[in-house]
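The next block holds one structure in the form of structure tokens; read it before the comments.
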Amino acid sequence: MDNRLTPEQKDALIERALHNIPLAPMPRDITASVMTRIQTAPAPRLFQVTWNDFAIAFTIALCVGALFFTVQNLPPIILAKIRIQGILFYQDLIVNARWLVPALLFGSAAFFSALTIPYLRDQLRS
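Read in order, the letters of the sequence shown correspond to residues 372 to 497 in the numbering used here.
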């Protein structure tokens with residue numbers, strides 16, 4: 372259909388076609404053909420785990436194991452330095468977080484308005 376038509380014009384065209392065009396008789400064998408299509412439809416496949424799934428799971432398990440082994444075997448001085456760096460990073464975030472609150476508020480306002488504006492525009496058109 373023409374996209375320039377209003378919904379009322381589209382409905383009027385459909386109604387006029389329904390009233391003026393005669394109905395075609397239904398074929399006699401439609402039930403049999405429909406039933407054969409239904410009966411020959413393939414059954415849905417069950418969930419299958421592929422070799423890729425096993426490979427990904429093995430890789431992730433290997434990485435987690437390597438990380439655990441590495442953390443368990445680090446020297447105590449390295450663990451202390453990592454802890455100190457973590458504390459310094461956290462303090463840096465706390466001190467410099469004054470910009471974070473307004474940025475989060477304005478960002479969330481922009482996100483929600485971007486979600487709402489198309490809906491409001493559609494409501495105002497109709």
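The C-beta atom is built at its ideal place from N, Cα and C for all residues, glycine as well.
This structure is a prediction, so every number in the text was calculated from the model and none was measured.
Please return the same chain residues whose Cβ sits closer than 7 Å to the Cβ of residue i, not counting the five positions on each side in sequence.
i    : result
A451 : none
Output the residue ranges of the alpha helix (DSSP H) runs that lie fully inside the region 381 to 436 and measure 4 residues or longer, sorted by chain position. 401 to 410
List in chain order: all unbroken alpha helix (DSSP H) runs of 4+ residues lying wholly within the region 440 to 482. 447 to 466
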